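Only one structure is covered here, and it is reproduced in the block below.
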Amino acid sequence: MSWYRRLPRTSLRVRRTRSGFTLIELMVALALLVIVTMMAFSGFRYLTAVMNRTITTTTARENLSVVMDQLTKELREVTSVSGGTETNDISTSTPLAYRANYGITLPTWTSASDSSGGLGSVISSPATTPASPTTLAPIVPALGSGVTYTFSTTTGAQPNGIILEFFTIDTSATPAKHRIRYSLTAPMVGSTYAGLAQGFWAVSSYEPCEITYCNNTWKGSSWTTESPQPMTDQVVTAFTVTRPLWSPNVLQITLEAQVPGLGRTGYNTVRLIGLVTVRQ
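Going by the numbering used here, the sequence shown opens with residue -4, and the numbers climb by one from there.
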């Protein structure tokens, strides 16, 4: 009798059906894999957007904080002492020559009403509308596609984007008077705009600007000619200094930046407000 025994056909059929997956099982597994992958990718994309927004917001806040900290510190050193011989190094035919050379000179204080300086005070284009009771500074209209701000070289007594100007005296060594200017402007190469393309603005109708700083020293017959240097990235959308009519020694400073929202949909506003009392 042969030792080999042939297996029944039913046993072979069972073994063949258990040796792999059916097409339906593969399709279900593939569908589940696609769903899980899409969920993981969506979660990763959302976390990346949150991280990018957090980094952008933090950077903007740091930009504004640097300006606010330095500005408030310097304002507390404002001098009311005039040597009597300084000039503003500008021809006497312009309003600048008649400005005082001590204390806070821009924005100019008046006892008749609150006074304010801001973006609307230093641009020539687009044309601004008169100040409202809530903003004080002239209202800046929305920009059209491909349009940027044109900053005035001279607007009355306020040239080259200057929002705030004041004077201090350095007594650490030889006493020296300093003329300090904070300006709002946009990056330029000569007369050509060199800032961010409009497609990268958080709000396409309002151009982000930068704040520049200039510290000139009186050298006996004229001021030194240091050029303004950028203090911030191109993120600032508002820089306003308000002087209330009830005190020439009080300034309210508002700094604002707008950063893109999640997925560049909408925007978030970062705002710092400071109230400084100076000893002029």
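Glycine residues also receive a C-beta, built at the ideal position from the N, C-alpha and C atoms.
Small disclaimer: the values here were computed from a predicted structure and weren't measured.
Per-residue burial, residue i [other beta carbons within 10 Å of its own, 16 or more giving buried]
i, result
"PRO203", "buried"
"LYS172", "buried"
"VAL265", "buried"
"VAL273", "buried"
"SER69", "Here the sequence assigns Glu to residue 69, which means Ser is not the residue at that position. It is buried - the Cβ of GLU69 has at least 16 other Cβ atoms within 10 Å."
"ILE99", "buried"
"ARG71", "exposed"
"SER186", "exposed"
"PHE16", "exposed"
"ARG29", "Here the sequence assigns Val to residue 29, which means Arg is not the residue at that position. By the neighbour-count rule (16 or more Cβ atoms within 10 Å), VAL29 is not buried but exposed."
Residue interval of the beta strand (DSSP E) (run including residue i)
i, result
"VAL254", "245 to 255"
"ALA171", "171 to 180"
"ASP109", "Per DSSP, ASP109 belongs to no beta strand (DSSP E) and is neither H nor E."
"PHE162", "157 to 165"
"LEU191", "From DSSP, LEU191 is part of no beta strand (DSSP E); its letter is neither H nor E."
"ILE134", "That residue, ILE134, is in no beta strand (DSSP E); it is neither H nor E in DSSP."
"GLU205", "205 to 212"
"THR148", "Element bounds for THR148: n/a, residue is neither H nor E."
"ARG266", "262 to 272"
"THR100", "99 to 101"
Span separating the alpha-carbon of residue i from that of residue j
i, j, result
"TYR188", "MET22", "57 Å"
"THR148", "GLY194", "27 Å"
"THR212", "VAL135", "34 Å"
"SER217", "SER75", "19 Å"
"LEU66", "THR235", "13 Å"
"ALA35", "PRO243", "59 Å"
"SER140", "THR180", "19 Å"
"TRP104", "GLY112", "11 Å"
"THR232", "LEU18", "60 Å"
"ASP228", "THR49", "16 Å"
"LEU267", "SER60", "8 Å"
"LYS214", "LEU250", "32 Å"
"GLY269", "LEU25", "59 Å"
"LEU257", "ALA107", "45 Å"
"MET33", "GLU20", "20 Å"
DSSP-derived helix/strand/coil call for residue i
i, result
"VAL142", "coil"
"THR227", "coil"
"ARG238", "strand"
"VAL76", "coil"
"THR35", "Reading off the sequence shown, one finds Ala at residue 35, where the question assumed Thr. Helix at ALA35."
"ARG48", "helix"
"VAL198", "coil"
"THR53", "helix"
"THR43", "helix"
"ALA122", "coil"
"ALA233", "strand"
"LYS68", "helix"
Endpoints, the alpha helix (DSSP H) within which residue i is located
i, result
"GLY115", "114 to 117"
Close Cβ partners of residue i (< 8 Å) along its chain, the five nearest in sequence each way excluded
i, result
"GLN224", "THR207, TYR208, CYS209"
"LEU7", "Its pLDDT being 49, under 50, LEU7 is placed unreliably by the model, and the measurement read from it follows with that caveat. So the list is empty, once near-sequence residues are dropped."
Nonlocal neighbours in the same chain, by C-beta distance under 6 Å from residue i, ignoring five residues either side
i, result
"VAL45", "none"
"MET(-4)", "For MET(-4), the predicted model reports a pLDDT of 48, less than 50, meaning its position is unreliable; a value from the coordinates is still stated below. There are no such residues."
"ALA137", "SER200"
"SER119", "THR145, SER147"
C-beta neighbour in chain D for residue i, strict 8 Å
i, result
"PRO243", "Note that chain D does not occur in the displayed structure, where there is just one protein chain."
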